[in-house]
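Numbering-wise, my numbering comes out as the position in the sequence shown, counting from 1, plus 1.
Report on the structure given below.
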Amino acid sequence: MDLLRRKRSAGVEGFLDDHFLIAMPGMKDDRFARSVIYVCAHSAEGAMGLIINQAQ
Numbered sequence: 002m003d004l005l006r007r008k009r010s011a012g013v014e015g016f017l018d019d020h021f022l023i024a025m026p027g028m029k030d031d032r033f034a035r036s037v038i039y040v041c042a043h044s045a046e047g048a049m050g051l052i053i054n055q056a057q
């Protein structure tokens with residue numbers, strides 16, 4: 002928990018931790034079309050997110 006708190010307080014710009022990505026209507030990639038993704042972690046090492054809706 003302390004590591005997470007220190008990371009957030011450092012104010013690193015350019016990373017999308019705790020943000021949502023919303024697919025634009027013209028998204029061509031079927032894996033992400035009409036998706037809303039919560040970005041759990043994002044750093045120089047990589048990113049991890051969860052699709053929170055199920056596009057139909």
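Using N, Cα and C, we set each Cβ at its ideal position, and we do this for glycine too.
Here the structure is a predicted model, which is why all the values come from computation and not from measurement.
In this structure, does DSSP put residue i in helix, strand or coil?
| i | result |
| --- | --- |
| Ser-36 | coil |
| Ala-1 | Past the edges of the chain, shown from 2 to 57, lies residue 1, and the structure says nothing about it. |
Taking the continuous beta strand (DSSP E) assigned at residue i, which residues delimit it?
| i | result |
| --- | --- |
| Met-49 | 47-52 |
Quick check: the Cα distance between residue i and residue j, rounded to an integer number of angstroms?
| i | j | result |
| --- | --- | --- |
| Gly-27 | Ser-36 | 12 Å |
| Glu-14 | Ala-45 | 11 Å |
| Ala-48 | Asp-30 | 18 Å |
| Gln-55 | Arg-32 | 11 Å |
| His-20 | Ala-34 | 18 Å |
Going by alpha carbons, who is nearest to residue i out of the options?
| i | options | result |
| --- | --- | --- |
| Cys-41 | Lys-29, Leu-51, Arg-32 | Leu-51 |
| Asp-18 | Ala-24, Tyr-39, Gln-55, Ala-34 | Tyr-39 |
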